[in-house]
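Residue numbers (the working numbering): 11 to 533. Heads up, the beta-carbon is just placed ideally off N, CA and C, and yes, glycines get one too. Keep in mind the model is a prediction, meaning the values are calculated, not measured. Just below is one structure, and these are the notes that go with it.
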Amino acid sequence: MTQSEKERVVIFDTTLRDGEQSPGATMTHAEKLEIAGLLDEMGVDIIEAGFPIASEGDFKAVSDIARASVNSVICGLARANYGDIDRCWEAVRHAAQPRIHTFIGTSPLHRAIPNLTRDEMADLIHQTVSHARNLCDNVQWSPMDATRTEWDYLARVVEIAIRAGATTINIPDTVGYTAPAESADLIRRLIAEVPGASDVVFATHCHNDLGMATANSLAAVAGGARQVECTINGLGERAGNTALEEVDMALKVRGDIMPYTTGIDTTKIMNISRRVATVSGFPVQFNKAIVGKNAFAHESGIHQDGMLKNAETFEIMRPEDVGLLATNIVMGKHSGRAALRAKLGELGFELGDNQLRDVFVRFKELADRKKEVYDDDLVALMRSGEDPENDRIRLQSLRVQCGTEGPQQADMTLLIEGQPHSTTQTGDGPVDASFNAVKALFPHEARLQLYQVHAVTEGTDAQATVSVRMEEAGRVVTGQSADTDTVVASVKAYINALNNLVVRREKSAPGEDRREVSYKYLS
Ligand code: KIV
Ligand code: ZN
11 MTQSEKERVV
21 IFDTTLRDGE
31 QSPGATMTHA
41 EKLEIAGLLD
51 EMGVDIIEAG
61 FPIASEGDFK
71 AVSDIARASV
81 NSVICGLARA
91 NYGDIDRCWE
101 AVRHAAQPRI
111 HTFIGTSPLH
121 RAIPNLTRDE
131 MADLIHQTVS
141 HARNLCDNVQ
151 WSPMDATRTE
161 WDYLARVVEI
171 AIRAGATTIN
181 IPDTVGYTAP
191 AESADLIRRL
201 IAEVPGASDV
211 VFATHCHNDL
221 GMATANSLAA
231 VAGGARQVEC
241 TINGLGERAG
251 NTALEEVDMA
261 LKVRGDIMPY
271 TTGIDTTKIM
281 NISRRVATVS
291 GFPVQFNKAI
301 VGKNAFAHES
311 GIHQDGMLKN
321 AETFEIMRPE
331 DVGLLATNIV
341 MGKHSGRAAL
351 RAKLGELGFE
361 LGDNQLRDVF
371 VRFKELADRK
381 KEVYDDDLVA
391 LMRSGEDPEN
401 DRIRLQSLRV
411 QCGTEGPQQA
421 DMTLLIEGQP
431 HSTTQTGDGP
441 VDASFNAVKA
451 LFPHEARLQL
461 YQVHAVTEGT
471 DAQATVSVRM
481 EEAGRVVTGQ
491 SADTDTVVAS
501 VKAYINALNN
511 LVVRREKSAP
521 GEDRREVSYK
531 YLS
C-alpha cells in the first residue's frame with residue numbers, strides 16, 4: 011500500500027501540558043517555546059501548549075507559543091467553566107489555528123466530586139461546549155475517565171458535546187485502565203451508535219499505568235480514532251502518557267497491518283527526545299523503545315554477527331529513521347571549537363557564541379580527563395545544568411576522604427554570590443558528607459526526593475550523570491550534572507537543583523507557583 015493510500019491519523023502532542031504535569035518536570039518559559047518549535051518543525055498537527063488558567067506562567071507560555079506557531083494547531087486546556095474557557099481563548103487566539111480543549115470527569119467517581127447529578131452535568135457540558143464554540147471554531151471536548159464511565163452516560167454526553175459544537179471528541183483513559191480490545195470496541199461503538207459521530211474526529215488519550223498506552227492507542231485507531239494524543243518519551247503523570255515516538259514508528263514499521271500515516275518527520279525524533287529529557291529532568295530509561303540508549307544496541311555475539319551480515323536480521327527499523335546518526339565519531343582533546351559546534355549541531359544543540367565558549371571549556375576539561383569523548387558524553391555535558399553567568403551557587407573545590415576507615419569527610423568551598431565559603435563535614439559515605447557540606451554552607455529546608463546515577467558510556471573512566479529532585483514548600487525542582495567523578499557530579503547536580511530553587515523562590519511565593527488547579531473540581 012502506498013503512503014497516499016493510507017488513512018491520515020492526526021498527532022496531538024501534550025508534552026507541554028500533560029507531560030509537564032509530572033511532578034518535577036516543570037520547564038522554563040524559554041524551554042517550552044523551544045520544545046513547541048521543535049514539535050511544530052517535526053510535523054505535530056496539534057500542540058497542547060498548557061493550561062492557561064493554571065498560572066500566569068502557563069498563560070504566557072500558551073500565548074507566546076500561539077504567536078510563534080507556524081504549522082501546528084495550538085490548543086489550551088480548560089475545565090468546564092466559563093472563566094477557564096475565556097482565559098484559554100485569550101491565550102490561544104493568537105495562533106493562526108487555535109483550539110480550545112475543555113473537559114469534565116464523567117465517571118461515577120468524578121461526578122461525585124462536584125456533587126452533580128447526571129442531568130446537571132449534562133447541562134453543564136452543553137453550556138460550556140457551546141460557550142467554547144462561540145469563541146472558537148475548533149473545540150475539543152473530553153469526558154475525563156471515559157473508560158470508567160457507564161456506557162449509556164458516556165454515549166449521552168458525547169452526543170450532547172457534538173450537538174453543542176465540539177469538533178473533536180477525545181476519549182481519555184485517564185488512569186490507564188483499559189486494554190487493547192476494549193479500547194478499540196469503545197471507539198467503534200461510539201462512532202456506530204452516537205448520533206452525529208461521523209461529523210467529528212474521535213481521539214484517543216491513554217495513560218501507561220499498566221504499560222498498555224501505546225497498544226491501547228493503536229487499538230483505538232483500529233476502532234476508528236483518527237487523533238492520537240501522546241507525549242515525547244511518554245512523559246506524563248505516574249507511568250506517563252502514550253509515547254509519540256512509539257505510536258509513530260509502530261505505524262511506520264507495521265504499515266502492512268496498520269495502514270495509517272501521520273505528518274511526523276521521524277528523523278527528528280532523537281533530537282526532540284533528548285531535549286525533552288534535558289529540560290524536563292526526566293532521563294529516558296536505557297531500554298525504552300525507540301529512544302532508549304540501548305534501543306539499537308546489539309550486545310550479544312550472535313546478534314552482532316547477524317547485524318554485520320545483514321542489518322535486517324535483528325533490526326526492524328534503521329537508526330537513521332529516528333535521527334540516530336550512523337556514526338558515533340569520537341571527539342578528543344585535539345578537536346577544535348568548529349568541530350564541537352558541528353557535532354553538537356548534529357546532536358540537535360544549536361549554540362550561540364557565548365554558550366559555545368562555555369561548553370568548549372568544559373569539553374576540553376573532559377577531554378583532558380577522558381581519552382575519547384562520545385556523542386553520549388556530549389549530550390551529558392549539555393544536560394548538566396551549569397550556567398556560569400547566572401548561577402548563584404558554584405562549586406569551587408571539593409576534596410573527599412572515603413574508604414573503609416570512616417567517617418567519610420568532605421572539605422568543600424562554594425562560591426555563593428561570588429564569595430568563597432568553606433566547610434568540612436562528615437557523613438554516611440562520600441556523597442552524604444558532600445551534601446551535608448552543601449547544606450552547611452547554603453542552609454535550606456528542601457527535601458531530597460530523588461537521587462539517581464547513570465554511567466554515560468562504558469569503562470571506568472566513563473562520566474556519571476546524576477539527577478536529583480528536591481521539594482521545598484510545594485516547589486519541586488530538578489538538577490543534573492555529569493562528571494567523570496561521581497561525587498563531583500552528585501554535588502554539581504545538587505547545586506544545580508538549589509540554583510533552580512533560588513530562581514523559583516524569587517518568582518513566586520510558596521504554593522503560588524501554579525495556582526492550585528484541581529482537575530477534579532469545576533471551579
Ligand atoms: O488524562 C486525562 O483525562 C486528561 C484530560 C484532561 C484530557 O489529561
Ligand atoms: Zn491525561
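Straight-line measurement puts the Cα of residue 278 at about 44 Å from the Cα of residue 133.
Distance from the CA atom of residue 445 to the CA atom of residue 283, rounded to whole angstroms, is 30 Å. Taking C-alpha positions only, residue 264 is separated from residue 207 by approximately 28 Å. For residue 368, the shortest C-beta to heavy atom distance toward the ligand ZN is 7 Å or greater. Between the stretch 18-27 and the stretch 251-262 there are three or more C-beta pairs closer than 8 Å, enough to call the two in contact.
Inclusion of residue 182 in the 7 Å shell around the ligand KIV follows from its C-beta lying nearer than that to a non-hydrogen atom of the ligand. Residue 509 carries a helical assignment under DSSP once its states are collapsed to helix, strand and coil. Along the length of the stretch 51-122, whole alpha helix (DSSP H) runs at least 4 residues long occupy 66-78, 92-102, 118-122, reported in chain order.
Not one heavy atom of the ligand KIV is found less than 7 Å from the C-beta of residue 131. Nearest neighbour of residue 299 by Cα position, chosen from 471, 225, 211, turns out to be 225.
Residue 508 is classed as buried because its beta carbon has at least 16 other beta carbons within 10 Å across all chains shown.
Sequence-distant partners of residue 303 (beyond 5 residues in either direction) whose C-beta falls short of 6 Å from its own C-beta, in its chain, are 296. Checking the 7 Å criterion, the Cβ of residue 432 is out of range of every heavy atom belonging to the ligand KIV. Per DSSP, residue 281 lies in no beta strand (DSSP E); the unbroken alpha helix (DSSP H) holding it starts and ends at 279-290. When the beta-carbon positions are compared, residue 60 and residue 68 come within less than 8 Å of each other. A contact between stretches requires three or more CB pairs, one per stretch, nearer than 8 Å, and the stretch 417-425 fails this requirement with the stretch 453-467. By the C-beta density criterion, residue 217 is buried, having at least 16 other C-beta atoms within 10 angstroms. Its chain contains 139, 149, 151 as the residues whose beta carbon lies nearer than 6 Å to that of residue 176, once the 5 sequence neighbours on both sides are disregarded; these appear in chain order. Judged by DSSP secondary structure, residue 423 falls within the beta strand (DSSP E) whose first and last residues are 418-426. Here the alpha carbons of residue 331 and residue 385 stand approximately 18 Å from one another. For the ligand KIV, a non-hydrogen atom lies closer than 7 Å to the CB of residue 217. Per DSSP, the unbroken beta strand (DSSP E) holding residue 215 starts and ends at 211-216. By the Cβ test, the stretch 483-498 is in contact with the stretch 377-397, since at least three Cβ pairs between them sit closer than 8 Å. When only Cα atoms are considered, residue 245 and residue 190 end up about 21 Å apart.
Annotation for residue 297: no alpha helix (DSSP H) segment contains it, and DSSP assigns it neither H nor E. When the beta-carbon positions are compared, residue 104 and residue 70 stay at least 8 Å from each other. At least one heavy atom of the ligand KIV is found less than 7 Å from the C-beta of residue 152.
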